[in-house]
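The working numbering applies: residue 611 is where the sequence shown begins, and numbers increase by one.
By construction, the Cβ of each residue, glycine as well, lies at the ideal position given by its N, Cα and C atoms.
See below for the structure under consideration.
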Amino acid sequence: MDVENLKNIGPKSAAWLRDMGIHTRDDLQEMGVVMTWKILKHRRPEEVNLLLLYALEGALSDRHWNALDPKRKTALKQAVDGRLKVGARV
Numbered sequence: 611m612d613v614e615n616l617k618n619i620g621p622k623s624a625a626w627l628r629d630m631g632i633h634t635r636d637d638l639q640e641m642g643v644v645m646t647w648k649i650l651k652h653r654r655p656e657e658v659n660l661l662l663l664y665a666l667e668g669a670l671s672d673r674h675w676n677a678l679d680p681k682r683k684t685a686l687k688q689a690v691d692g693r694l695k696v697g698a699r700v
């Protein structure tokens with residue numbers, strides 16, 4: 611399924627996902643919600659917030675982001691805390 615047809619994903623977030631090479635639900639699942647969100651947050655720090663993290667999770671499970679279990683939301687929030695770490699330090 612194309613990202614623009616996923617639950618919780620609007621035109622703006624679909625465009626952001628396509629810009630990073632995520633075109634389908636399978637692409638999103640392969641990249642993972644946490645890594646996808648971290649990359650988007652790195653690229654668009656003023657626009658990306660935790661609601662998008664929950665929306666991405668809901669998109670994979672075909673649920674409205676607000677219907678996610680509070681424990682899952684807490685786990686996701688903890689998973690994205692900290693900086694994006696890409697590559698090894700030399």
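Separation of residue j from residue i, as counted between CA atoms
i, j, result
"K648", "V690", "7 Å"
"K687", "A625", "23 Å"
"M630", "T684", "26 Å"
"N615", "R653", "23 Å"
Pick from the options that is closest to residue i, judged by C-alpha positions
i, options, result
"D612", "R635, R682, G631, E656", "R635"
Residue i, DSSP secondary structure in three states
i, result
"D691", "coil"
"D672", "coil"
Where the alpha helix (DSSP H) through residue i begins and ends
i, result
"W626", "621-629"
"D636", "635-641"
Nonlocal neighbours in the same chain, by C-beta distance under 8 Å from residue i, ignoring five residues either side
i, result
"L661", "W675"
"I632", "V613, L638, M641, T646"
"R628", "V613"
Cβ neighbours of residue i in the same chain (closer than 7 Å, five flanking residues each side left out)
i, result
"K651", "V658"
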